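K.L.:
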Amino acid sequence: MGKLNRGNIIFLESVDSTNRYAVDNFANFADFSLIVADEQSSGRGRRGKKWYSPKGKNFYGSFIIKNWPYKAYQASWLAGLGAMESIKLSTPGSNLWIKWPNDIFCGEKKIAGILNEVKSSSKNRFEGIVLGLGINVNMTVEDTVTVDQPCTSIAIEGGKNLNIKNFSEKVCRILKRLYSTSLKNGIEKIYNEWKKSNRLIGKKISLISENGRKVSGTVEDLSFDGRILLGTEGNTESFHSGDIEIDKSFFKIGENNAYS
Ligand code: BTN
2 MGKLNRGNII
12 FLESVDSTNR
22 YAVDNFANFA
32 DFSLIVADEQ
42 SSGRGRRGKK
52 WYSPKGKNFY
62 GSFIIKNWPY
72 KAYQASWLAG
82 LGAMESIKLS
92 TPGSNLWIKW
102 PNDIFCGEKK
112 IAGILNEVKS
122 SSKNRFEGIV
132 LGLGINVNMT
142 VEDTVTVDQP
152 CTSIAIEGGK
162 NLNIKNFSEK
172 VCRILKRLYS
182 TSLKNGIEKI
192 YNEWKKSNRL
202 IGKKISLISE
212 NGRKVSGTVE
222 DLSFDGRILL
232 GTEGNTESFH
242 SGDIEIDKSF
252 FKIGENNAYS
């Protein structure tokens with residue numbers, strides 16, 4: 002498959018949530034459209050949380066995929082890698098990694114989050130996927146204080162502010178390329194890349210499951226069927242979703258100054 006020329010970037014001044022807007026107006030957009038807003042009044046985060054979306058500071062975008070031949074959860078690999086690659090372009094040498102299920106971290110701080118949503122018809126027929134990417138672009142250190150967890154931005158890491166419209170074009174190009182790669186080389190290729198970018202395998206973590214249960218153990222694998230496998234005292238438990246807690250020792254610097 003050659004270059005994907007379909008799909009436009011639609012810039013909105015303000016919206017409640019680009020994901021909500023993309024899902025509700027799905028039929029009006031061409032495949033591979035990217036809806037970007039300058040601000041969101043009700044940005045959606047994972048597990049019902051709000052995504053802090055101040056005006057003109059960050060990238061809030063929803064990418065529409067109408068022909069998704071894989072399982073819905075597999076789209077999160079594409080979105081995670083796409084966000085990470087977009088950030089990497091402006092922060093070369095930074096210590097970027099993915100924390101399952103799909104937070105993008107720079108060292109110890111979160112720099113981007115992903116929330117994908119499935120679009121179904123009224124008869125519950127699958128119509129496509131909306132990849133929701135929130136990437137911290139121009140937030141200052143002072144701005145990050147308002148966020149409920151340690152976070153950083155491209156400007157903080159890369160030393161300069163970016164034009165959000167130009168950045169959106171890069172994100173769109175990268176997502177289209179990853180999609181083409183998945184068709185050409187298989188979704189396994191995207192999965193392998195995504196898994197390589199995760200740092201959790203072999204590490205001790207705690208997972209807070211959907212029902213609030215806290216399970217501590219060592220991560221054994223991030224499986225192709227979307228689960229995290231956690232080794233706990235002679236047992237292996239697996240989870241499709243959850244929040245991961247990592248302790249400070251996770252970030253200890255090794256001999257070569259690389260995060261181990
Ligand atoms: C997370 O909680 O880590 C996921 C955050 C995802 C936020 C993005 S911003 C663009 C898109 N529109 C939304 O309402 N949410 C996603």
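For the sequence shown, position 57 (counting from the first letter as 1) is numbered 58 according to the numbering used here, and the numbering increases by one without interruption. Positions of the beta carbon are idealized from the N, C-alpha and C atoms, including for glycine. This structure is a prediction, so every number in the text was calculated from the model and none was measured.
With a cut-off of 8 Å on the beta carbons, I'd call Phe64 and Leu163 a contact; round off their distance for me.
P.N.:
Going by Cβ atoms, the distance from Phe64 to Leu163 rounds to 18 Å, so no, they are not a contact pair.
K.L.:
For Thr19 and Gly218, what's the separation of their Cα atoms in angstroms?
P.N.:
Those two C-alpha atoms are separated by around 36 Å.
K.L.:
Quick one: is the Cβ of Thr153 within less than 6 Å of any heavy atom of the ligand BTN?
P.N.:
Thr153 Cβ: outside cutoff for every heavy atom of the ligand BTN.
K.L.:
Please classify Pro102 as buried or exposed, where buried requires at least 16 neighbouring CB atoms within 10 angstroms.
P.N.:
It counts as buried.
K.L.:
Leaving out the 5 sequence neighbours to the left and right, which residues in its chain are closer than 6 Å to Asn257 when beta-carbon positions are compared?
P.N.:
Because Asn257 sits at a pLDDT of 41, beneath the cut-off of 50, its placement in the model cannot be relied upon, and the point is left open.
K.L.:
Are the CB atoms of Gly243 and Leu208 nearer to each other than 7 Å?
P.N.:
Yes, they are a contact pair.
K.L.:
When burial is assigned at 16 or more other CB atoms within 10 Å of the CB, is Gln150 buried or exposed?
P.N.:
Exposed.
K.L.:
Return the chain-ordered list of same chain residues with a C-beta closer than 7 Å to the C-beta of Ile99, the five sequence neighbours on each side being excluded.
P.N.:
Gly81, Met85, Ile105, Trp195, Ser198, Asn199.
K.L.:
Please report the residue range of the alpha helix (DSSP H) in which Ile36 lies.
P.N.:
Not the alpha helix (DSSP H): Ile36 falls in the beta strand (DSSP E), residues 35-41.
K.L.:
Are there any heavy atoms of the ligand BTN lying less than 6 Å away from the beta-carbon of Leu116, as far as the coordinates show?
P.N.:
Within the cutoff, so yes.
K.L.:
Does the beta carbon of Gly133 fall short of 6 Å from some heavy atom of the ligand BTN?
P.N.:
Indeed, a heavy atom of the ligand BTN lies less than 6 Å from the Cβ.
K.L.:
From what residue to what residue does the alpha helix (DSSP H) around Ala156 run?
P.N.:
Residues 155-159.
K.L.:
If contacts are defined as beta-carbon pairs under 8 Å, then Tyr71 and Ile188 qualify, I think. What distance do you get, rounded to the angstrom?
P.N.:
Yes, they are in contact, since the Cβ atoms of Tyr71 and Ile188 sit about 5 Å apart, within 8 Å.
K.L.:
Pick from Gly129, Ser122, Gly44: whose alpha carbon is nearest that of Ala31?
P.N.:
Comparing Cα-Cα distances from Ala31 to each of Gly129, Ser122, Gly44, the minimum goes to Gly129.
K.L.:
Between which two residues does the beta strand (DSSP E) holding Asn193 run?
P.N.:
Counting along the chain, Asn193 falls outside any beta strand (DSSP E), though it belongs to the alpha helix (DSSP H) covering 188-198.
K.L.:
Measuring only the C-alpha atoms, how far is Lys120 from Thr233?
P.N.:
C-alpha separation (whole angstroms): 37 Å.
K.L.:
Could you check the C-alpha separation between Arg174 and Gly235 for me, to the nearest Å?
P.N.:
Those two C-alpha atoms are separated by around 45 Å.
K.L.:
Out of Lys161, Ser169, Lys205, which one is the CA nearest neighbour of Ile136?
P.N.:
Answer by Cα proximity: Ser169.
K.L.:
Could you name each continuous beta strand (DSSP E) segment of 3 residues or more that falls completely within the region 124-183, going from the start of the chain to the end?
P.N.:
Qualifying beta strand (DSSP E) stretches, in chain order: 127-136.
K.L.:
Determine the DSSP secondary structure at Leu201, reduced to helix, strand or coil.
P.N.:
In the structure shown, Leu201 sits in coil (DSSP, three-state: anything other than H, G, I, E or B).
K.L.:
Can you list the beta strand (DSSP E) stretches of 3 or more residues lying completely in the region 78-121, in chain order?
P.N.:
List check, beta strand (DSSP E) in window: 97-100, 104-107, 110-121.
K.L.:
Just the Cα atoms here: how many angstroms apart are Asn125 and Val146?
P.N.:
Spanning the two alpha carbons is a distance of roughly 41 Å.
K.L.:
Please work out which residues of its chain come closer than 6 Å, Cβ to Cβ, to Lys205, disregarding the five sequence neighbours upstream and downstream, and give them in chain order.
P.N.:
Correct list, in chain order: Thr219.
K.L.:
Got a sec? Which residues, its chain only, sit under 8 Å from Tyr192 by beta carbon, not counting five neighbours each side?
P.N.:
So the list reads Gln75, Trp78, Phe225, once near-sequence residues are dropped.
K.L.:
Any idea if Tyr61 is buried or exposed, counting beta-carbon neighbours within 10 angstroms, 16 or more meaning buried?
P.N.:
Its Cβ being crowded by 16 or more others within 10 Å, Tyr61 is buried.
K.L.:
In angstroms, rounded to a whole number, what distance separates the CA positions of Asp144 and Gln41?
P.N.:
If I take the Cα positions, the gap works out to 16 Å.
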